[in-house]
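Below is one structure, written out as structure tokens; comments come after it.
Protein chains: 2
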Amino acid sequence: MFDFQYFTPTKVVFGKNTESRVAELIREFGGTKILIHYGGGSVVRSGLLKRVTDSLDAAGLAYVTLGGAVPNPHLGLVYEGIELCKKEGVDFLLGVGGGSAIDSAKAIGYGVANEGDVWDFYDYKRKATGCLPIGVILTIAATGSEMSDSSVITKEEGLVKRGYSSDYCRPKFAIMNPELTMTLPDYQTACGCTDIMMHTMERYFTNGGNMDITDALAEGLLRTVKDNALILCKDPKNYDARAEVMWAGSLAHNGLTGCGNDGGDWMTHKLEHELGGLYDVAHGAGLAAIWGSWARYVYKDCLPRFKKFAINVMGVEDSGSDEEIALRGIEAMEDFYRSINMPTNLRELGVEATDEDLVLMAQKCAIGVGGEMGSAKVLNEEAMLAIYRASM
Amino acid sequence: MFDFQYFTPTKVVFGKNTESRVAELIREFGGTKILIHYGGGSVVRSGLLKRVTDSLDAAGLAYVTLGGAVPNPHLGLVYEGIELCKKEGVDFLLGVGGGSAIDSAKAIGYGVANEGDVWDFYDYKRKATGCLPIGVILTIAATGSEMSDSSVITKEEGLVKRGYSSDYCRPKFAIMNPELTMTLPDYQTACGCTDIMMHTMERYFTNGGNMDITDALAEGLLRTVKDNALILCKDPKNYDARAEVMWAGSLAHNGLTGCGNDGGDWMTHKLEHELGGLYDVAHGAGLAAIWGSWARYVYKDCLPRFKKFAINVMGVEDSGSDEEIALRGIEAMEDFYRSINMPTNLRELGVEATDEDLVLMAQKCAIGVGGEMGSAKVLNEEAMLAIYRASM
Numbered sequence: 000m001f002d003f004q005y006f007t008p009t010k011v012v013f014g015k016n017t018e019s020r021v022a023e024l025i026r027e028f029g030g031t032k033i034l035i036h037y038g039g040g041s042v043v044r045s046g047l048l049k050r051v052t053d054s055l056d057a058a059g060l061a062y063v064t065l066g067g068a069v070p071n072p073h074l075g076l077v078y079e080g081i082e083l084c085k086k087e088g089v090d091f092l093l094g095v096g097g098g099s100a101i102d103s104a105k106a107i108g109y110g111v112a113n114e115g116d117v118w119d120f121y122d123y124k125r126k127a128t129g130c131l132p133i134g135v136i137l138t139i140a141a142t143g144s145e146m147s148d149s150s151v152i153t154k155e156e157g158l159v160k161r162g163y164s165s166d167y168c169r170p171k172f173a174i175m176n177p178e179l180t181m182t183l184p185d186y187q188t189a190c191g192c193t194d195i196m197m198h199t200m201e202r203y204f205t206n207g208g209n210m211d212i213t214d215a216l217a218e219g220l221l222r223t224v225k226d227n228a229l230i231l232c233k234d235p236k237n238y239d240a241r242a243e244v245m246w247a248g249s250l251a252h253n254g255l256t257g258c259g260n261d262g263g264d265w266m267t268h269k270l271e272h273e274l275g276g277l278y279d280v281a282h283g284a285g286l287a288a289i290w291g292s293w294a295r296y297v298y299k300d301c302l303p304r305f306k307k308f309a310i311n312v313m314g315v316e317d318s319g320s321d322e323e324i325a326l327r328g329i330e331a332m333e334d335f336y337r338s339i340n341m342p343t344n345l346r347e348l349g350v351e352a353t354d355e356d357l358v359l360m361a362q363k364c365a366i367g368v369g370g371e372m373g374s375a376k377v378l379n380e381e382a383m384l385a386i387y388r389a390s391m
Numbered sequence: 000m001f002d003f004q005y006f007t008p009t010k011v012v013f014g015k016n017t018e019s020r021v022a023e024l025i026r027e028f029g030g031t032k033i034l035i036h037y038g039g040g041s042v043v044r045s046g047l048l049k050r051v052t053d054s055l056d057a058a059g060l061a062y063v064t065l066g067g068a069v070p071n072p073h074l075g076l077v078y079e080g081i082e083l084c085k086k087e088g089v090d091f092l093l094g095v096g097g098g099s100a101i102d103s104a105k106a107i108g109y110g111v112a113n114e115g116d117v118w119d120f121y122d123y124k125r126k127a128t129g130c131l132p133i134g135v136i137l138t139i140a141a142t143g144s145e146m147s148d149s150s151v152i153t154k155e156e157g158l159v160k161r162g163y164s165s166d167y168c169r170p171k172f173a174i175m176n177p178e179l180t181m182t183l184p185d186y187q188t189a190c191g192c193t194d195i196m197m198h199t200m201e202r203y204f205t206n207g208g209n210m211d212i213t214d215a216l217a218e219g220l221l222r223t224v225k226d227n228a229l230i231l232c233k234d235p236k237n238y239d240a241r242a243e244v245m246w247a248g249s250l251a252h253n254g255l256t257g258c259g260n261d262g263g264d265w266m267t268h269k270l271e272h273e274l275g276g277l278y279d280v281a282h283g284a285g286l287a288a289i290w291g292s293w294a295r296y297v298y299k300d301c302l303p304r305f306k307k308f309a310i311n312v313m314g315v316e317d318s319g320s321d322e323e324i325a326l327r328g329i330e331a332m333e334d335f336y337r338s339i340n341m342p343t344n345l346r347e348l349g350v351e352a353t354d355e356d357l358v359l360m361a362q363k364c365a366i367g368v369g370g371e372m373g374s375a376k377v378l379n380e381e382a383m384l385a386i387y388r389a390s391m
């Protein structure tokens, strides 16, 4: 068991019509001039943006808006947001949307609160010393960015996708109304469920310092998302299932399911980041396409965890050798992915990569993690390439 | 499923020797003049108080000290602390100890930050509008006060024990070093485990709005505390088991295990509060002594939850009628209490109450809850008396 720090200051306001409280919450956390940052047109088309601006108008709160945050949000828009905030004297950021809008808002917040080029933080060159306060209205359950300390930004030049984490960017409040997620395409819902589970699975498959209670919480969370993802495949408008998944998304990535361990493995995410950088695939689908190959490559080096996962999460029978149980758990997870129409390899993902592409991704991934990384099993560039090849 | 708010801003710093970071954390949250508030002599005898004051001296932080917080902490000492803070210009409270010291510090914090008599808040007469910032060094895993919004104070006149809850009193930081709990008498360790489990059981046994994920987290937490309480009976110096219980204590009462439900039942706590007021018994032992009688009185009105508890927490076989399964779960819980040397009735608790005493407690309890209360089953004064009588 390792020492840990747990810090989740975000005030979560969860339930129907909670977006009506946005102005009150911005005031509570000191905002007077707001940048409303959002992604595509759905926030506009659904009327949500208008409801938000009407609320701010009614409360006498000044604001500017900036849309256009895309999946794998771009550095260029972040620069634009920083300029806009400085020009307009913005003192509070409101991200409206999913992880893209929130991550982009976090990067803007770093850029306003710190001198110099904000990319330096994502490029591991220096550390931020602050961030503009951020509030969130969540419309996609997936990245957990609404409570997490992390954001992921893609630099257009060379398609470099990098994450940066610090407590400064944890949102002050998160408004979570499960109804706002109901218009999502089924594919995006399944991608979200996959991402949510992976945030906890990355923390779960480790060789260091696990705690009983952390495991119990992680396993309970994984079972819940699995069950409710299946419900949402058949009944996408099911409010309770939407709510289960939405709340799980926050808990899966706010640190709770990693307390006491070594920080987790995170190689599936790193391998997917290169995919997302090169092919602009949906993050959750990319994770599903990689995970099985990763799991088969590493499971023998992390056998107790894979066995426990098989039994306690996937409901595999506790019979046969540990390796057999672990493999049945991996198969059951892949079956689950298929049952929610997620890919289990790159072809199913729609990526027709050449071997040169795979070599390039492995090179970039190895550079990105500083040579080698992993807790279930430490992976170097050769291992990364082997996993990419197995995932074809 | 009900709407909910979740707000746990406390920065948890967990692990060995973490108390060495106390001065750094006080500075981070703006403290310049500190009241160190603690309970009995163990904090002095163990050398912890000296280590804390040495740290503050080294950091150039001014402080005053106030000891004497007793179990079921008294209003008189709270008044004394408020006076001391005002006289000395204290701007930060440091509670060192268990729930008594922390709850007492919270009440002092309310008293300094609000005009008028602090007892008004505990007497439901008005609401606080602030609280002095509080940090905690936890030495007993039990009440969860280190992350919770609640404090319980006893007014000496008439032995009136009342709780008050608001987000204002949630500690800014909580230093949790499991080693600091190792010198606790075994009885106190078992009382702590009982209290921790009860904080989640109170939220679990409801008839309103339960969420799958909340249930899964609650059940995982309960199983973890149960297993580790048994380990600590045989091996009280087991660091990992101490850590599991300590972290569970915070999560059991910070709101996590009640998200989405109606707030919980809380009648076992209310019934015990009257016991604690009259007899000054250990809170955890009082809860154990009451719970079985409460459970048998209410389980038919909350059968799905008692069945689920029996199977998922106590490991009871899923066979027979729902009532049989529920009753076997209650019996298994009472067996567990016995196995950690907790009482399962008032006689085992050492309370030789007359029937007039029971009548008086039921009267006071009914007044305290405003007539009737409960979610598993709504209890009036008559029902409370029946449970007290059954617990003899």
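Sequence order for the protein chains is A and B.
Position 61 of the first sequence, counting from 1, maps to 60 under numbering that gives the first Met the number 0, and the rest follow consecutively.
Position 300 of the second sequence, counting from 1, maps to 299 under numbering that gives the first Met the number 0, and the rest follow consecutively.
Don't be surprised by glycine CBs; every beta carbon is placed ideally from N, CA and C.
If you check the CB distance, Asn-253 (chain A) and Met-383 (chain A) do not come in under 8 angstroms.
Remark: fewer than three beta-carbon pairs, one from each stretch, lie closer than 8 angstroms, so the stretch 37-50 of chain A and the stretch 107-114 of chain A are not flagged as touching. Rounded to the nearest whole angstrom, the C-alpha separation of Phe-91 (chain A) and Ala-61 (chain B) is 35 angstroms. When C-beta distances to chain A are compared with 9 angstroms, the residues of the stretch 254-269 of chain B below that value are Leu-255, Cys-258 and Gly-259, in chain order.
Residues of chain B with a Cβ closer than 9 angstroms to the Cβ of Asp-226 (chain A) are, in chain order, Asp-211.
Contiguous alpha helix (DSSP H) elements confined to the stretch 24-78 of chain B occur at 41-44 and 47-57, taking only those with 4 or more residues. Residue contact check for Leu-216 (chain B) against chain A: a CB pair falls below 8 angstroms. Interface criterion met: the Cβ of Ala-247 (chain B) is under 8 angstroms from a Cβ in chain A.
In the displayed model, Arg-161 (chain A) falls within a strand according to three-state DSSP.
Interface flag for Gln-187 (chain B) against chain A is unset, since no Cβ pair is found closer than 8 angstroms. For Ser-103 (chain B), the uninterrupted alpha helix (DSSP H) segment begins and ends at 98-112.
For Ile-33 (chain B) and Lys-225 (chain B), the gap between their C-alpha atoms comes out near 37 angstroms. Using a Cβ-Cβ distance cut-off of 8 angstroms, the stretch 157-173 of chain B and the stretch 123-135 of chain B are in contact, since at least three pairs of beta carbons, one from each stretch, lie closer than that value. According to the DSSP assignment, Lys-307 (chain B) belongs to the alpha helix (DSSP H) that extends over 302-311. When secondary structure is reduced to three states using DSSP, Lys-363 (chain A) falls in the helix class.
Identification of chain A residues near Tyr-5 (chain B) by a Cβ-Cβ cut-off of 8 angstroms yields Lys-10, Val-11 and Phe-13, ordered along the chain. If you ignore the 5 residues before and after Glu-351 (chain B), its C-beta comes within less than 7 angstroms of no other C-beta in its own chain. Taking the beta carbon of Leu-220 (chain A) as reference, the chain B residues within 8 angstroms of it are Ile-212, Ala-215 and Leu-216, listed in sequence order. Taking a beta-carbon distance threshold of 8 angstroms, Met-196 (chain B) does not count as an interface residue toward chain A.
With respect to Leu-231 (chain B), Ala-240 (chain B) sits close: the two C-beta atoms are nearer than 8 angstroms. Shortest Cα-Cα distance from Pro-303 (chain B) to any of B:Lys-105, B:Met-196 and B:Asp-321 involves B:Asp-321. Near chain B, meaning a CB-to-CB distance below 7 angstroms, the residues of the stretch 232-246 of chain A are Asp-239, Ala-242, Glu-243 and Trp-246.
When secondary structure is reduced to three states using DSSP, Pro-8 (chain B) falls in the strand class.
Around the Cβ of Ser-292 (chain B), a 10 Å sphere holds 16 or more other Cβ atoms; the residue is buried. The three-state secondary structure of Leu-231 (chain A), taken from DSSP, is helix.
In this model, Lys-105 (chain B) and Arg-169 (chain B) are separated by some 8 angstroms (Cα to Cα). With fewer than 16 other beta carbons inside 10 angstroms of its own, Thr-353 (chain A) counts as exposed. Ranked by how close their Cα comes to the Cα of Gly-157 (chain B), the residues B:Lys-376, B:Glu-381, B:Leu-359 and B:Ala-389 have B:Leu-359 in first place. Ala-352 (chain B) carries a coil assignment under DSSP once its states are collapsed to helix, strand and coil. For Met-210 (chain A), no beta strand (DSSP E) run applies, since DSSP gives it neither H nor E. The three-state reading of DSSP puts Val-151 (chain B) in strand, counting E and B together.
Per DSSP, the unbroken beta strand (DSSP E) holding Gly-134 (chain B) starts and ends at 133-137.
By the beta-carbon neighbour count (other beta carbons within 10 angstroms, threshold 16), Asp-122 (chain B) is exposed.
Residues of the stretch 11-43 of chain A that bring their beta carbon within less than 8 angstroms of a beta carbon in chain B comprise Val-11, Val-12, Phe-13, Gly-14, Lys-15 and Thr-17, in sequence order.
For the stretch 131-162 of chain A, there are no residues whose beta carbon sits under 8 angstroms from a beta carbon of chain B. Using a 10 angstroms sphere on the CB of Gly-257 (chain A), the tally of other CB atoms reaches 16 or more, which defines it as buried.
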